[in-house]
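In UniProt numbering, the protein residues as written are 1 to 272.
In this text, a Cβ means the ideal position worked out from N, Cα and C, and glycines have one as well.
Below is one structure, written out as structure tokens; comments come after it.
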Amino acid sequence: MQALFIPVADGGKRFALLHAPADRTVRSAVLFVAPFAEELNKVRRMAALQARALAGADCAVLVLDLAGCGDSSGEFASATWQAWVDDVVAAAGWLHQRWPDSQLWLWGVRAGCLLAAEAAARLPQRPAHLWWSPVLQGRAHLAQFLRIRTAAEMLRGGAKLDLKAELGAGRHVDVAGYRLGAALAQGLGEARLAAPLAAQRVVWLDTDSRPDASPPPPVLQLIDALRTQGLPVQHATVPGPAFWQTTEIELAPLLLEATSRAVCGPTPAGAA
Numbered sequence: 001m002q003a004l005f006i007p008v009a010d011g012g013k014r015f016a017l018l019h020a021p022a023d024r025t026v027r028s029a030v031l032f033v034a035p036f037a038e039e040l041n042k043v044r045r046m047a048a049l050q051a052r053a054l055a056g057a058d059c060a061v062l063v064l065d066l067a068g069c070g071d072s073s074g075e076f077a078s079a080t081w082q083a084w085v086d087d088v089v090a091a092a093g094w095l096h097q098r099w100p101d102s103q104l105w106l107w108g109v110r111a112g113c114l115l116a117a118e119a120a121a122r123l124p125q126r127p128a129h130l131w132w133s134p135v136l137q138g139r140a141h142l143a144q145f146l147r148i149r150t151a152a153e154m155l156r157g158g159a160k161l162d163l164k165a166e167l168g169a170g171r172h173v174d175v176a177g178y179r180l181g182a183a184l185a186q187g188l189g190e191a192r193l194a195a196p197l198a199a200q201r202v203v204w205l206d207t208d209s210r211p212d213a214s215p216p217p218p219v220l221q222l223i224d225a226l227r228t229q230g231l232p233v234q235h236a237t238v239p240g241p242a243f244w245q246t247t248e249i250e251l252a253p254l255l256l257e258a259t260s261r262a263v264c265g266p267t268p269a270g271a272a
């Protein structure tokens, strides 16, 4: 594992951890595109375990901190959705330049899938997409995030807040320790997963603790739309917790196994 900084267009640097096989040919170059806000902290352990597993199977994995997150330059309050898309484009370019003959994967987690989809349209090569429990509509994801603050105020007996109005007026709002700016909120709110998608293929892995879980209608509709576009789409629902939102850090070992098989080996069992 190597720690490094990737230069970006705004003059800043983005921190990243590179997991790569030593002295072996790299078959795939994989870029981790992080989820939003506190979900990133819940996911870091899973991301690290998956990156190590893929590196052991001859993949190079770059785990990127977006602007204002982790050890990257900038502040979360100043981050914008477009800057985050630029970060993904820059990091994907860095990976492709280092391993130009390897398959490029954009590995999005939750809202990171929205970022990966937008960034893919700006890349000169068509990447493969790996999605972990993707957010389909950024507007709903933003509303869910804002409800954390609204619920906290209600429990304290405070006045009802209109956080969307505050953001619409260009002001910052504080939610669960994060100062959210209007530009970032607007970009997230407008983002959505949809066809057409710049991709060679899509591997879509959800987790569910119910043994008989099946994909909800919006998921099936998007899979159909992508396949109509001509994309090979593999979907599987893997037994495991919603680890990105649990109170304690939880793991989904079967998701790690399914991901390694999808990227490095046969199609995951149960793929649609």
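Per DSSP, L142 has no beta-bridge partner at all. Exclusion of the five residues before and after D206 leaves S133 and T237 as the residues of its chain whose Cβ lies within less than 6 Å of its Cβ. Taking K42 as the centre and dropping the five residues before and after it, the same chain places the C-beta of F243, W244, Q245, T246 and I249 closer than 7 Å to its C-beta, in chain order. Less than 9 Å divides the Cβ of A55 from the Cβ of A20.
The Cβ-Cβ distance between A116 and W94 does not fall below 9 Å.
In the structure shown, the three-state DSSP call for A120 is helix.
One alpha carbon belongs to P241, the other to R147, and they sit about 22 Å apart. A Cβ-Cβ contact shorter than 9 Å links L184 with W84. Under the 10 Å beta carbon count, L155 is surrounded by fewer than 16 other beta carbons and is classified as exposed.
A residue is called buried once 16 or more other Cβ atoms fall within 10 Å of its Cβ, and Q97, having fewer, is exposed. DSSP links W94 through a beta bridge to no other residue. Per DSSP, the beta-bridge partners of C59 are S28. Two segments are said to touch when three or more pairs of C-beta atoms, one from each, lie closer than 8 Å; by this definition the segment 16 to 36 touches the segment 48 to 67. If you look at Q103, you'll find it in the beta strand (DSSP E) that goes Q103 to V109.
Annotation for R171: no alpha helix (DSSP H) segment contains it, and DSSP assigns it neither H nor E. Note on E118: 16 or more other CB atoms within 10 angstroms of its CB, so buried under the neighbour-count rule. When only Cα atoms are considered, K13 and A128 end up about 26 Å apart. A48 is not bridged by DSSP to any residue. Per the DSSP secondary-structure output, T237 pairs in a beta bridge with D206. For Q229, DSSP assigns no beta-bridge partner whatsoever.
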